[in-house]
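In full-length UniProt numbering, the protein residues as written are 1 to 362. All remarks here apply to the structure that follows.
This is how it looks when you write it as C-alpha cells:
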C-alpha cells in the first residue's frame, strides 16, 4: 500500500490509484481563494481569530452548467457503470425537485452516452406548493429542473415506475441519492483529501478547520477516510500528522446520531476500499453542526439570506440556500463567535444553478 502512483496530478497510494475512475472534473489543482474582505468583516470588533478561504468545488468541472461535489463521486461510480457487461442504457437516480445531484447525473449521462431517468421527490413542499404562484412556478420549473430538461433527462415522480422497470431488466444502473451510499461514493473526496494536502504544500499553509454542508454524507465521509490514510502514510514515514477539524454543517434536520452513523459507515466503507483495514470511525473523527439548517431542508430563512448576501457583497461569492449557503452561514457564525481559529477552509460544493428557483433571494 505504501507504493505511490499518480492520479489526476496528485500522488496516491498504488492500490488507491488503481481504482478505475473517469475524469469528469478538470485536471487542475484545487481552486482555493482567500476571502480576506469577508475575514475582515467578521472581525470588525477586533482582530479576527481566523482567516477564511474557499475551495471552489462549484467550479471543478464544465459539465452541466458548472461543477459540484457530486461529480467527484460520479467519477468512480460511473467508472463502474461503464464496466458493466452488458453496458446499461440508462443511469437511474433519485433526488428532490431542485437536486444538484440529479442535474450532475444527467450531465454525466449525456457526456458518456447514457440516457437518464430521474426519480423526483417533493422535499420542500413550502416551495413547490407555495401560496404565491410565482414562487411555486419558479421552484417547479426553473433552476436545476430547467438544466435537466436541456440535457434530455426523463423526470418522473417517486416511486418511479419506469425506473423500477429499467432496474428490474438490468437496462438501468442505480445511483442512490447523492451517490452517497453507493460502495464507491466516498472515493472522490478521499482523493480530494490528498489533493488538498498537495495544495497546502504549494500554498505554504495548513487548514486547521474544513467546513462543508452535509446531508447524504459521502463528501464528509470520503474526506474522513482520505485524511485518515494521509495521516497513516505520514506516520509510516516518521512524521507526526497535524490535527485538523472536519465540520459538517447539516443542510436539514436529522438527529445527530443518524448523521454520525451515516457518515461513519461511509468513511469505513471508503477506508476499506483504499487500504485502511479494520479502521473504525466515530463521531470523534468529525463534527456535526445542527444549528444552521433553519429547521427544514431547502428553507431560506432570514439568517441564511443574510449570510448569502454577505458572501456576495464582500467577495462576489455566490452560494445557494440549500447546501453551501447553510455551510457558509455556519462558517461566519462560528468565526464571529470565536469558535474557529487559524486557517478555515469553506468547501463550496456547488448549487448556484438552483438560485433562479428562489426568486425571493435578493
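Glycine included, each C-beta is placed from N, C-alpha and C at the ideal position.
In this structure, what does DSSP give as the bridge partners for residue 90?
Translated into positions along the chain shown, residue 90 becomes position 90. DSSP, once it has assigned bridges, lists 115 and 172 as partnering residue 90.
What does the Cβ neighbour count give for residue 206, buried or exposed, with the cut at 16 atoms within 10 Å?
By 1-based counting over the chain shown, the position of residue 206 is 206. Answer is exposed; the Cβ neighbour count stays below 16.
Nearest to residue 54 by CA position, among 338, 337, 325 and 357, is which residue?
The residue given as residue 54 occupies position 54 in the chain shown. If we check each option's Cα against that of residue 54, 325 comes out closest.
Report the rounded CA-to-CA distance for residue 342 versus residue 335, giving the unit in angstroms.
Taking the chain shown and counting its residues from 1, one reaches residue 342 at position 342. Taking the chain shown and counting its residues from 1, one reaches residue 335 at position 335. Approximately 10 Å between the Cα atoms of the pair.
Can you list the beta strand (DSSP E) stretches of 3 or more residues lying completely in the stretch 195–268, in chain order?
209–214 and 245–250
Check for me: the alpha helix (DSSP H) holding residue 147 runs from which residue to which?
One-based indexing of the chain shown puts residue 147 at position 147. Taken as a continuous stretch (DSSP letters only), the alpha helix (DSSP H) holding residue 147 covers 144–150.
Going by DSSP in three states, residue 327 sits in which element: helix, strand or coil?
One-based indexing of the chain shown puts residue 327 at position 327. It is helical.
Could you give the DSSP three-state label for residue 273: helix, strand or coil?
Start at 1 with the first residue of the chain shown, and residue 273 comes out as number 273. Helix, per DSSP.
Looking only at its own chain, which residues have a Cβ that is under 6 Å from the Cβ of residue 21, when we skip the five neighbours before and after it?
Here the question's residue 21 lines up with position 21 in the chain shown. So the list reads 75, 76 and 79, once near-sequence residues are dropped.
Starting from the C-beta of residue 276, find all residues in its chain whose C-beta is less than 8 Å away, skip the five residues before and the five after it, and write them out in chain order.
Mapped onto the chain shown, residue 276 falls at position 276. 225, 228, 229 and 232, listed in sequence order.
Just to confirm, is the Cβ distance from residue 192 to residue 279 under 8 Å?
One-based indexing of the chain shown puts residue 192 at position 192. One-based indexing of the chain shown puts residue 279 at position 279. No, the Cβ-Cβ distance between residue 192 and residue 279 is not below 8 Å.
Residue 331, buried or exposed, once every other Cβ within 10 Å from all chains shown has been counted against 16:
Reading the chain shown from its first residue, position 331 is the one you call residue 331. It counts as buried.
Got a sec? Which residues, its chain only, sit under 6 Å from residue 271 by beta carbon, not counting five neighbours each side?
Walking along the chain shown from the start, residue 271 turns up at place 271. Contacts found: 225 and 279.
In this structure, how does DSSP classify residue 153 when only helix, strand and coil are distinguished?
For this step, residue 153 is matched to residue 153 along the chain shown. In the structure shown, residue 153 sits in coil (DSSP, three-state: anything other than H, G, I, E or B).
In terms of DSSP beta bridges, what is residue 332 paired with?
Position 332 of the chain shown holds residue 332. According to DSSP, residue 332 shares a beta bridge with no other residue.
Three-state secondary structure (DSSP) of residue 296:
Locating residue 296 in the chain shown gives position 296, counting from the first residue. The answer is coil: DSSP assigns residue 296 none of H, G, I, E or B.
Would residue 169 be called buried (16 or more neighbouring beta carbons within 10 Å of its own) or exposed?
For the purposes of this step, residue 169 is taken as the residue at position 169 of the chain shown. Counting Cβ neighbours within 10 Å, residue 169 comes out exposed, since fewer than 16 surround it.
Nearest-angstrom Cα distance between residue 36 and residue 318?
Here residue 36 is taken as the residue at index 36 of the chain shown, counted from 1. Here residue 318 is taken as the residue at index 318 of the chain shown, counted from 1. One C-alpha to the other measures close to 16 Å.
I need the boundaries of the beta strand (DSSP E) containing residue 343, first residue and last residue.
Numbered from 1 along the chain shown, position 343 holds the residue referred to as residue 343. First-last of the beta strand (DSSP E) with residue 343: 342–348.
Residue 120 (DSSP reduced to helix, strand or coil):
Counting from 1 along the chain shown, the entry for residue 120 is found at position 120. Correct three-state label for residue 120: strand.
Okay, do the stretch 244–260 and the stretch 307–316 touch, 3+ Cβ pairs below 8 Å being the bar?
no
Which of helix, strand or coil does DSSP assign to residue 51?
The sequence position of residue 51 within the chain shown is 51, counting from 1. Three-state DSSP puts residue 51 in a strand.
Just mark residue 85 as buried or exposed, buried being the case when its beta carbon has 16 or more other beta carbons within 10 Å.
Against the chain shown, residue 85 aligns to sequence position 85. Counting C-beta atoms within 10 angstroms of its own C-beta, residue 85 has fewer than 16 neighbours from the protein chains shown and is therefore classed as exposed.
Roughly how many angstroms lie between the CA atoms of residue 130 and residue 141, to the nearest whole one?
As a first step, residue 130 is located in the chain shown; it is residue number 130 there, counting from the start. As a first step, residue 141 is located in the chain shown; it is residue number 141 there, counting from the start. Rounded to whole angstroms, residue 130 to residue 141 spans 13 Å at the Cα level.
Evaluate residue 52 with the Cβ neighbour count: other Cβ atoms within 10 Å of its Cβ, from every protein chain shown; 16 or more gives buried, anything less gives exposed.
Here residue 52 is taken as the residue at index 52 of the chain shown, counted from 1. Of the residues assessed, residue 52 falls on the buried side of the cut-off, its CB having 16 or more other CB atoms within 10 angstroms.
Hey, how far is the Cα of residue 219 from the Cα of residue 180?
For the purposes of this step, residue 219 is taken as the residue at position 219 of the chain shown. For the purposes of this step, residue 180 is taken as the residue at position 180 of the chain shown. Roughly 8 Å separates the two Cα atoms.
Please list, in chain order, all residues of the same chain as residue 166 whose beta carbon is under 7 Å from its beta carbon, the five residues on each side excluded.
Position 166 of the chain shown, counted from the first residue, corresponds to residue 166. Closer than 7 Å at Cβ, skipping near neighbours: 90, 92, 117 and 172.
Quick check on DSSP: helix, strand or coil for residue 43?
The residue you call residue 43 lines up with position 43 of the chain shown. In the structure shown, residue 43 sits in coil (DSSP, three-state: anything other than H, G, I, E or B).
Helix, strand or coil, according to DSSP, for residue 287 in the structure here?
Working through the chain shown from its first residue, we reach residue 287 at position 287. Reduced to three states, the DSSP call for residue 287 is strand.
Tell me, please, whether the stretch 100–108 touches the stretch 142–154 by the rule of three or more beta-carbon pairs shorter than 8 Å.
yes
Between residue 234 and the rest of its own chain, which residues show a CB-CB distance below 7 Å, the 5 nearest in sequence each way excluded?
Position 234 of the chain shown holds residue 234. Excluding sequence neighbours, residue 234 sits near 241.
Pull up the distance between the alpha-carbon of residue 81 and that of residue 187, whole angstroms please.
Residue 81 sits at position 81 when you count from the first residue of the chain shown. Residue 187 sits at position 187 when you count from the first residue of the chain shown. Looking at the two C-alpha atoms, the distance is approximately 15 Å.
Which first and last residues belong to the beta strand (DSSP E) in which residue 97 is found?
Numbered from 1 along the chain shown, position 97 holds the residue referred to as residue 97. Note, residue 97: premise wrong, no beta strand (DSSP E); not H, not E.
When you compare the CB positions of residue 160 and residue 216, do they come within less than 8 Å of one another, or not?
As a first step, residue 160 must be located in the chain shown, where it is residue number 160. As a first step, residue 216 must be located in the chain shown, where it is residue number 216. Not closer than 8 Å, so no.
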